[in-house]
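> The letter at position 62 of the sequence shown is residue 238 when you use our numbering, and the numbering goes up by one with no holes.
Even glycine gets a Cβ: it sits at the ideal position worked out from N, Cα and C.
Remember, predicted model here, so these are calculated numbers, not experimental data.
To start, I am sharing the structure in question, which I have written as structure tokens.
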Amino acid sequence: MLEEFGSAKAVYDANIMEWRMTPALTKYQVQHLESTPLSAADKVLSTCKQQGWQILPYDHPDYPRLLRDLPDPPLVLYVDGTVPDWNRQLTLGIVGTRQASAYAVQVCDIMAKGVAGAGALVVSGGALGIDSTAHKGAMLAGGTRAEIRSHGALVTEFRPFTPAGKHTFPLRNRLISGMSEGLLVVEAGSHSGSLITARCALEQGRDVYAVPGSVLSTDFAGTNDLINDGAYVVTQPVQLLSGYAERYHLDLDRVPSVQQLLAAEQDPGANLPQTSKEYDFERLEEGRQRLKQRRENQALLTAAESAVLAALPEVFTPVDQVAAKAAMPQGQLLAALTKLELLDLAESAPGSRFRKK
């Protein structure tokens with residue numbers, strides 16, 4: 177549509193005949209445009225401003241990079257809370273049934289505490305059972321609830337006050353897996369909605385993990401089937417983290433075991449391995465301050481410099497490849513890269529290679 181009309185506003189400014197004539201719009205989309213005036217968007221903006229909710233369009237620097245990899249990413253996200261550093265921290269999804277067994281609740285709590293304590297962000301759906309246990313475990317991993325609340329966020333692609341319905345849950349599930357490097361299914365029967373999330377994860381190229389359950393219980397039929405189909409078996413928090421340790425600089429030796437976490441529950445004074453200070457909440461807050469500074473530095477960029485930053489990969493890349501991606505002469509590109517380095521937004525390596533910092 178943007179190629180056809182030039183801008184989002186131009187799409188709405190067009191008349192119904194122009195909408196019907198363009199091959200960029202389906203009949204359903206034309207009907208949706210007719211029934212959704214721009215004033216509806218103004219109402220959403222006003223509501224978000226009043227409630228303190230953030231709006232992250234696809235091109236926003238805080239938009240999750242993992243969602244950008246999807247063939248059908250949400251065009252906009254609404255965020256209630258503090259936007260985490262999800263573009264630099266490991267994100268892991270944890271899902272499961274609403275009618276969770278006592279065993280599954282305990283395992284979920286331990287896994288969430290283990291990975292969150294190591295510095296990972298836990299993503300889940302907010303439902304009763306496994307979802308809420310995952311959220312609670314992740315919060316308690318860092319200290320008091322009050323301390324963690326300022327670091328959490330509710331994220332949705334639905335505009336404010338959209339009622340939940342049958343069509344919203346599969347889209348929510350796709351968002352959970354899409355925002356996660358890997359997805360852990362703790363407990364799921366053969367018809368559990370968590371299996372939809374697992375299927376989304378596989379389609380999105382994410383790693384899928386599962387907790388083994390009793391072969392005598394139908395409550396674990398879905399998770400056991402996932403394992404039979406090739407999902408990674410998880411019995412310790414470190415197994416969820418090991419595949420990402422190098423990329424996210426995780427110290428696996430400091431990740432507590434299930435036995436240590438159980439002992440800590442029974443005796444709050446029990447000694448757990450001390451997580452590296454890099455992953456305590458003071459350090460995370462420092463990271464958020466750096467992110468704030470990064471946003472301020474990005475505000476100093478010209479349109480051309482912003483385009484260069486957007487074109488920069490996260491791995492060191494030869495300058496000629498960056499120039500081709502940015503569609504910019506090398507002379508102009510090098511000037512922009514110099515400014516990006518000065519603002520701590522990019523870094524260089526021998527051989528005229530650059531990457532986003």
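1) Evaluate Met355 with the Cβ neighbour count: other Cβ atoms within 10 Å of its Cβ, from every protein chain shown; 16 or more gives buried, anything less gives exposed.
2) Give every residue of the same chain whose Cβ lies closer than 7 Å to the Cβ of Glu490, excluding the five residues on either side of it in the sequence, and list them in chain order.
3) Flag this pair as yes or no: are the beta carbons of Arg335 and Tyr254 separated by less than 8 Å?
4) Gly389 to Phe396, Cα distance in whole Å?
5) Would you give the residue range spanned by the beta strand (DSSP E) that Ala522 belongs to?
6) Cβ of Leu268 within 8 Å of Cβ of Val298?
7) Leaving out five residues on either side along the sequence, give the residues of the same chain with a beta carbon under 7 Å from the beta carbon of Ser300.
8) Short check: CB of Ala317 to CB of Ala292, under 8 Å?
9) Skipping 5 residues on each side, what residues in its chain have a beta carbon closer than 7 Å to that of Ala512?
10) Kindly give me the distance between the Cβ atoms of Gln415 and Val434, rounded to whole angstroms, as I take these residues to be in contact under 8 Å.
11) Which partner residues of Gly290 appear in the DSSP bridge assignment?
12) Short check: CB of Thr493 to CB of Arg470, under 8 Å?
13) Taking only the alpha-carbon atoms, compute the straight-line gap between Leu201 and Thr514 and give it to the nearest angstrom.
14) Looking only at its own chain, which residues have a Cβ that is under 7 Å from the Cβ of Lys501, when we skip the five neighbours before and after it?
15) Rounded to whole angstroms, what is the Cα-Cα separation between Glu517 and Asp235?
16) I think Pro237 touches Leu243, with their Cβ atoms under 8 Å apart; what is that distance to the nearest whole Å?
17) Assuming the contact rule is C-beta atoms closer than 8 Å, Gly358 and Gly398 should be a hit. Round their C-beta distance to whole Å, please.
18) Closest to Val361 by CA distance: which of Pro432, Met287, Ala278 is it?
19) Which word fits Ala278, buried or exposed, when buried means at least 16 other C-beta atoms lie within 10 angstroms of its C-beta?
20) Am I right that Val495 and Leu509 are in contact with their C-beta atoms under 8 Å? What's the rounded C-beta distance?
21) Note down, one range per segment and in chain order, each beta strand (DSSP E) of at least 3 residues found wholly within the segment 241-294.
22) So is Pro572 buried or exposed if we call it buried at 16+ other beta carbons inside 10 Å?
23) Going by beta-carbon coordinates alone, are Leu417 and Leu426 separated by less than 8 Å?
24) Could you have a look at Asp383 and say whether DSSP puts it in helix, strand or coil?
25) Alpha carbon to alpha carbon, what distance is there between His343 and Gly369?
26) Looking at C-alpha atoms only, which residue of Leu519, Asp218, Leu371 is the closest neighbour of Ile403?
27) When the Cα atoms are used, what is the spatial distance from Asp405 to Pro240?
28) How big is the Cα-Cα spacing for Arg375 and Gly302?
With the given structure in hand:
1) buried
2) Arg531, Lys532
3) For the 8 Å CB-CB criterion, Arg335 and Tyr254 form a contact.
4) 5 Å
5) 522-525
6) It is a contact, given that the beta carbons lie within the stated cut-off.
7) Gly269, Ile270, Val271, Asp307, Ala310, His311, Ile352
8) Annotated as proximal: Ala317 and Ala292, with beta-carbon spacing under 8 Å.
9) Ala480, Glu481, Val484
10) Not a contact, Cβ separation roughly 10 Å.
11) Paired residue(s): none; Gly290 is not in a bridge.
12) no
13) 42 Å
14) If you ignore the 5 residues before and after Lys501, its C-beta comes within less than 7 Å of the C-beta of Ala487, all in its own chain and listed in chain order.
15) 21 Å
16) Going by Cβ atoms, the distance from Pro237 to Leu243 rounds to 13 Å, so no, they are not a contact pair.
17) That pair is no contact at about 18 Å.
18) Looking from the CA of Val361, the closest CA among Pro432, Met287, Ala278 belongs to Met287.
19) exposed
20) 7 Å
21) 252-257, 267-271
22) Residue 572 cannot be examined here, being either before or after the span of the chain that is shown, 177 to 533.
23) In this structure, Leu426 lies closer than 8 Å to Leu417 by Cβ.
24) If DSSP states are grouped into helix, strand and coil, Asp383 belongs with the strands.
25) 12 Å
26) Leu371
27) Rounded to the nearest angstrom, the two C-alpha atoms are 29 Å apart.
28) 19 Å
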